[in-house]
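> Note that the sequence shown covers residues 458 to 889 in this note's numbering.
Note that CB positions come from ideal geometry on N, CA and C, so glycine has one too.
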Amino acid sequence: MDRWILRLLADSYSNKDGVLFIEELSSIDIAERFGTPVYVTSESRLRENYRRLYKAFSRLSRFRLFYAVKANSNLAVLTVLRQEGAWADCSCPAEIYEARIAGFNGERLLYTGNYNSREELRFALDAGVTINFDDPSMLNKLPSNAKLNGICFRINPGIGKGGREGLVFAGPDAKFGSSEDHAMKGYKKAKEMGAKSFGIHMMTGSNVLDPRYFPAITEVLMDIAGRIAKETGIEFEFVNIGGGFGVPYTDNETPLPIDEVAKSVVDVFKSKLDEYRMGSPTLAAEPGRYLVADTTVLLARVCHVKKSEKTFVGIDAGMNTLLRPALYKAYHPMLTANRLNEEDVEQVNICGQICENTDIIARDRSMPRMQEGDLLAIFNAGAYGFSMSSQYNNRPRAAEVIVLKDSAELIRRRESIHDLLEGQQIPARLLQ
Ligand code: LLP
């Protein structure tokens, strides 16, 4: 069992007489009250994560922290982060809409889409957000009377890094961003079109735990920004180094030393500003995972244990609830929430109820003896957990709950079978 995660996240989770507590609440009580599967988010941890990252950078530089809404767009999560002072990065009109409902005004929003339609661009313009263009030729798709205030281009700096295959977003094969040459033309054109303020952006990969990567890639972006500033005469208002800050999912990974990362990034940032005489743009970052991943556990109930050549433990959360193991072979730490003090006795496969053989949440995992009715806690489920869940196999999506000290509140009701039918209709001629 992954007991290491309790040591690492000791402020949020604890073992009380063999039962997992989330803040001050028993996971057994939460599961009984709200049912399973349920995503349970610790509000204290969320605030702590924001403060730790924000402080690391802001004590060294003017700094703007955009939250990447796609990681977890629950309105309560967005509201907490908005209260903490976050700005937000949205990848589509719906995220802009959600962020605004959570109280972010247009000036605090960046719209980083890709392959956008004209309608999407128009929506973003109307909402008054800064558009981060993936491709400068998209400027031609704006309405002719478009009022361009802030504008930004996403750079593909030619290299990227990710925690695993599928999480690298830059380099020659990436579908994202623009080369320096392309972006150069884009900034010149945006200037001609009357843009007033300019940002520059990259997002090169996700779940990076190598602290040296961040200053190295910032240096590449700053050289590009410096050359663009020199040739176009643009003074950047912000430089956004993207997200990608990783969290440990396994015992042999260590948390990012965020103060050290911030210091090395800011050192490069400042020395390049001097080198290219770039004025004083604000440094920005755009994390998703770092802020939300470890705030949330997914509680699932054991429905059936099959003992054949292997032991399969079937739970009521599968690839429909948490897609990451099936999609990326991602490892999520797990504990039997009602048997924390029991020794591991066997290796099991933990699976969901979906009719796909990829519906395995954990393979060959050492666990205590498990039986029907046990409660499984799957950690680090706050980033790309609910947000990538689906109704596949006609399974309604999970509930979400937020916990603060000894209170637990529902922040998304569990879907019902009626929700699955929502919007469907049978043409009258088929009913004759
Ligand atoms: N900014 C942009 C433009 C992004 O596309 C992303 C993530 C982020 C920021 C935040 O990245 P983070 O700080 O979370 O690494 N589904 C995958 C992760 C995909 C990330 C997609 N873009 C997973 O479950 O690991």
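(1) Can you name, in chain order, every residue of its own chain whose Cβ lies under 7 Å from the Cβ of A719, other than the five neighbours on each side?
(2) Looking at M659 and the ligand LLP, is the gap between the Cβ and the nearest heavy atom below 7 Å?
(3) Measure how close the beta-carbons of Q804 and G771 come, nearest whole angstrom, since I'm counting them as under 8 Å.
(4) Quickly, what does DSSP pair W461 with across the bridge? List them, please.
(5) Reducing DSSP to helix, strand and coil, say where N409 ends up.
(6) Rounded to a whole number of angstroms, what is the C-alpha to C-alpha distance between S635 and R611?
(7) Output the distance between the C-alpha atoms of N562 and A742, rounded to the nearest integer angstrom.
(8) Cβ of I835 within 8 Å of Cβ of L748?
(9) If you count every other CB in all the chains shown that lies within 10 Å of the CB of T707, and 16 or more means buried, which is it?
(10) Flag this pair as yes or no: are the beta carbons of I674 and P738 separated by less than 8 Å?
(11) At a cut of 8 Å, does the stretch 859-872 reach the stretch 789-804 through at least three beta carbon pairs?
(12) Use the C-beta contact count for H888: other C-beta atoms within 10 angstroms, 16 or more gives buried, fewer gives exposed.
(13) Who pairs with S823 in a beta bridge, going by DSSP?
(14) Using a threshold of 8 Å, state whether the C-beta atoms of T661 and G617 are closer than that.
(15) Looking at the unbroken alpha helix (DSSP H) that takes in K645, where does it start and where does it end?
(16) Assign L477 to one of three DSSP states: helix, strand, or coil.
(17) DSSP three-state call for S728: helix, strand or coil?
(18) Between the alpha carbons of E637 and I681, how many angstroms are there, rounded?
(19) Using the beta-carbon count (16 or more within 10 Å), is D863 buried or exposed?
(20) What span of residues does the alpha helix (DSSP H) with K512 cover, start to end?
(21) CA-CA distance, V537 and V495?
(22) Let's see if you can read the secondary structure: which residues bound the beta strand (DSSP E) around F693?
(23) Out of curiosity, what's the CA-to-CA distance linking F626 and E857?
(24) Tell me the DSSP secondary structure of Y841 in three-state form.
(25) Shorter than 7 Å, the distance from the beta carbon of D716 to the closest heavy atom of the ligand LLP, or not?
(26) Is it right to say R539 is buried, meaning 16 or more other beta carbons lie within 10 angstroms of its own, or is it exposed?
(27) Going straight from the alpha carbon of E489 to that of P790, what length do you get?
(28) State yes or no: is the C-beta of F702 nearer than 7 Å to some heavy atom of the ligand LLP?
(29) May I ask you to report which of helix, strand or coil DSSP gives S594?
(30) On the criterion of 16 or more Cβ atoms from any shown chain inside 10 Å, does P714 qualify as buried, or is it exposed?
(31) With D583 as the anchor, note down where its beta strand (DSSP E) starts and where it stops.
(32) Which class does L522 belong to by DSSP, given the choice of helix, strand or coil?
Result, derived from the coordinates:
(1) A513, F514 and L517
(2) M659: no, Cβ never under 7 Å from the ligand LLP.
(3) Contact between Q804 and G771 fails: their C-beta atoms lie close to 16 Å from each other, not under 8 Å.
(4) None; W461 has no bridge partner.
(5) Residue 409 is absent from the structure shown; the chain starts at 458 and stops at 889.
(6) Taking the straight line joining both Cα atoms gives about 6 Å.
(7) If you draw a straight line from the Cα of N562 to the Cα of A742, it comes to about 18 Å.
(8) no
(9) exposed
(10) no
(11) When Cβ pairs closer than 8 Å are counted between the two stretches, the stretch 859-872 is seen not to touch the stretch 789-804, the count staying below three.
(12) Residue identity check: residue 888 is Leu in the sequence provided, not His. Counting Cβ neighbours within 10 Å, L888 comes out exposed, since fewer than 16 surround it.
(13) BP columns for S823 point to Q804.
(14) yes
(15) Start and end: E637 to E649.
(16) strand
(17) helix
(18) 6 Å
(19) exposed
(20) Note, K512: alpha helix (DSSP H), E500 to S515.
(21) Going by the C-alpha atoms only, they are around 20 Å apart.
(22) F693 to N697
(23) 29 Å
(24) coil
(25) no
(26) buried
(27) 22 Å
(28) yes
(29) helix
(30) exposed
(31) Element bounds for D583: not the beta strand (DSSP E) but the alpha helix (DSSP H), R575 to D583.
(32) strand
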